[in-house]
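Shown next, in structure tokens, is the structure this report addresses.
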Amino acid sequence: MFDIYEIEWVNAIYQIAAFLVLLMLLKKFAFGPIMDMMEKREQHVADQIASAEKNRADAEKYLAEQREAIQAARQEAKDIVENSKKMSDQQANDIVQGAKKEAERLKQTALAEINTEKEQAISALREQVSTLSVLVATKVIEKELDEKEQEKLIQDTLREVGEDL
Numbered sequence: 002m003f004d005i006y007e008i009e010w011v012n013a014i015y016q017i018a019a020f021l022v023l024l025m026l027l028k029k030f031a032f033g034p035i036m037d038m039m040e041k042r043e044q045h046v047a048d049q050i051a052s053a054e055k056n057r058a059d060a061e062k063y064l065a066e067q068r069e070a071i072q073a074a075r076q077e078a079k080d081i082v083e084n085s086k087k088m089s090d091q092q093a094n095d096i097v098q099g100a101k102k103e104a105e106r107l108k109q110t111a112l113a114e115i116n117t118e119k120e121q122a123i124s125a126l127r128e129q130v131s132t133l134s135v136l137v138a139t140k141v142i143e144k145e146l147d148e149k150e151q152e153k154l155i156q157d158t159l160r161e162v163g164e165d166l
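Just so we're aligned, residue 2 is where the sequence shown starts under our numbering, counting upward by one.
Structure representation (structure tokens):
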């Protein structure tokens, strides 16, 4: 009968041919589309990963730019505050200096007015004294007086002068 080791070559060739036809059909209709789909899926995943990496890099760059902008804004605000403080201090000093100068000018003006009025008062007093001297001399000349009358005349003159003032 059949020997176990006896191979039927016709069946074997038929099975190999059927296997090769099946393999070609699977490759064309199953493995080809599946491989294309897998390649497309792999490409899509790779594109998504690349896009995510690019977006992450852009986000980090944007974050660094924003940090720099915030730091620059803080420094600018600090500079503005310092400049404002310096300007206000300078204005305060200018106002104080102006007030001191104005006070000194007013003091000098007041002293000049006081001296002028003092000179006018002294001048008026001298005129009155000279008038009184002339008046006293006139009265003394008119009368030769003894000591009592001379004293009385001086007192009367002084009373008259006191009433005039």
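Glycine is no exception: its CB is placed at the ideal position from the N, C-alpha and C atoms.
Asked                                                                                                                                           : Found
Mapping the DSSP letters down to three states, classify residue 9 as helix, strand or coil.                                                     : coil
If you scan the stretch 31 to 118 from start to end, which runs of the beta strand (DSSP E) of 3 or more residues do you find wholly inside it? : none
One question on the structure: do residue 158 and residue 126 come within less than 8 Å of each other, judged by their Cβ atoms?                : no
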